[in-house]
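Written below as structure tokens is the structure these notes are about.
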């Protein structure tokens, strides 16, 4: 693969863990502890720790599915039966989940990833204090002599 992640399952989690540690300048366990102590202090670190945990969980599920498949294949005599095919599908689904979570972690670690600039600008806009009301709070100014009579206003609104 071009991103430095091999097909070895342990390498996916290992390589991304190393990238996380390099990015935040601390061991993954230290980072997890820091995020647990102050989850709002660094939203980027909080997101990375969350997705790293999901990635590690997906890797565990994949390892278990692969072990189950290998055990089933060792007992097969010739053709693969339906339950073993089901295990193979479970492995494929686990690989997909693991790889998807790895992509999210890589995206979170890449400051120049597509969509990051717009996302950061949107977050900053939400944090800026407003200088005025979000919606108009007073009636629009009507030039003198153009006001409709009160009776016309009431009938238009259904007021009697």
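Numbering (my numbering), first residue to last: 1059 to 1218. Positions of the beta carbon are idealized from the N, C-alpha and C atoms, including for glycine. Note that the coordinates shown come from a computational prediction; the quantities given were computed from them, not determined experimentally.
message = Rounded to the nearest angstrom, what separates residue 1109 and residue 1146 at their Cα positions?
response = Near 25 Å, if we compare the C-alpha coordinates of residue 1146 and residue 1109.
task = Answer yes if the stretch 1153 to 1169 comes into contact with the stretch 1105 to 1125, meaning at least three C-beta pairs across the two stretches below 8 Å, and no otherwise.
result = Contact annotation: the stretch 1105 to 1125 touches the stretch 1153 to 1169, with at least three C-beta pairs closer than 8 Å.
Through-space distance from residue 1127 to residue 1169, alpha-carbon basis = Distance between the alpha carbons of residue 1169 and residue 1127 is about 39 Å.
query = What does a CB cutoff of less than 8 Å around residue 1157 pick up in its chain, not counting 5 residues either side in sequence?
reply = Closer than 8 Å at Cβ, skipping near neighbours: 1070.
ask   = Between the stretch 1138 to 1154 and the stretch 1117 to 1124, do at least 3 Cβ pairs fall closer than 8 Å?
value = Contact between the stretch 1138 to 1154 and the stretch 1117 to 1124 is present, because at least three Cβ pairs lie under 8 Å.
ask   = Does DSSP put residue 1079 in a helix, a strand or coil?
value = The answer is helix: DSSP assigns residue 1079 an H, G or I state.
ask   = How would you write the range of the alpha helix (DSSP H) that residue 1141 sits in, first residue to last?
value = Run containing residue 1141: 1140 to 1167, per the alpha helix (DSSP H) assignment.
ask   = Under the rule that 16 or more other beta-carbon atoms within 10 Å means buried, what is residue 1166, buried or exposed?
value = Classification for residue 1166: buried.
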